[in-house]
Amino acid sequence: MTNSVPDSPLTSAAPPVWIRWVAFTSILIGGACGAMIGYGFTDLQCTGNCQGWLSAGTIIGAVCGAVGVAIVAVLALRAMDEWESIKVTGSTRRNTRR
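Taking the numbering used here, I'd label the letters of the sequence shown as residues 1 to 98.
The structure is reproduced here in structure tokens:
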């Protein structure tokens, strides 16, 4: 049995570059919004000299916001990939043999 190279070039399963940039930008915006929420929430709770707590609240809010948006972005990119493969193959069944 010989391995033959297909005549047509294989297309990448990765989404287009501009969509990956949109996902990356949305993660940054989600992190910035989370930082503002974390800062605001900590600022409401703390009185006096609270620079350490404000910094911690801002960082925790930024990380939580960015991680949440990143999860949604990855799921959306995977759904786009699956949708494209369904459009190309016309089949909704996946090959489960490994």
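Ideal Cβ positions, reconstructed from N, Cα and C, are used throughout, including at glycine. From a predicted model like this one, the values you see are computed outputs, not experimental measurements.
Ignore the nearest five residues each way along the sequence and tell me which others in residue i's own chain have a CB closer than 6 Å to its CB.
{"i": "A35", "result": "T58, G61 and A62"}
{"i": "G31", "result": "A62, G65 and A66"}
Measuring only the C-alpha atoms, how far is residue i from residue j?
{"i": "W21", "j": "A79", "result": "17 Å"}
{"i": "S55", "j": "T89", "result": "51 Å"}
{"i": "T42", "j": "P16", "result": "39 Å"}
{"i": "L77", "j": "I29", "result": "17 Å"}
{"i": "L44", "j": "S26", "result": "27 Å"}
{"i": "W83", "j": "G68", "result": "23 Å"}
Between residue i and the rest of its own chain, which residues show a CB-CB distance below 8 Å, the 5 nearest in sequence each way excluded?
{"i": "Y39", "result": "L54, G57, T58 and G61"}
Let me make sure I understand the geometry here. Which of the options has the alpha-carbon closest to that of residue i?
{"i": "A23", "options": "E82, L44 and I71", "result": "I71"}
How would you write the range of the alpha helix (DSSP H) that residue i sits in, first residue to last?
{"i": "G40", "result": "V17 to Q45"}
{"i": "I68", "result": "A quick correction: the sequence has Gly, not Ile, at residue 68. From DSSP, the alpha helix (DSSP H) with G68 extends over Q51 to T89."}
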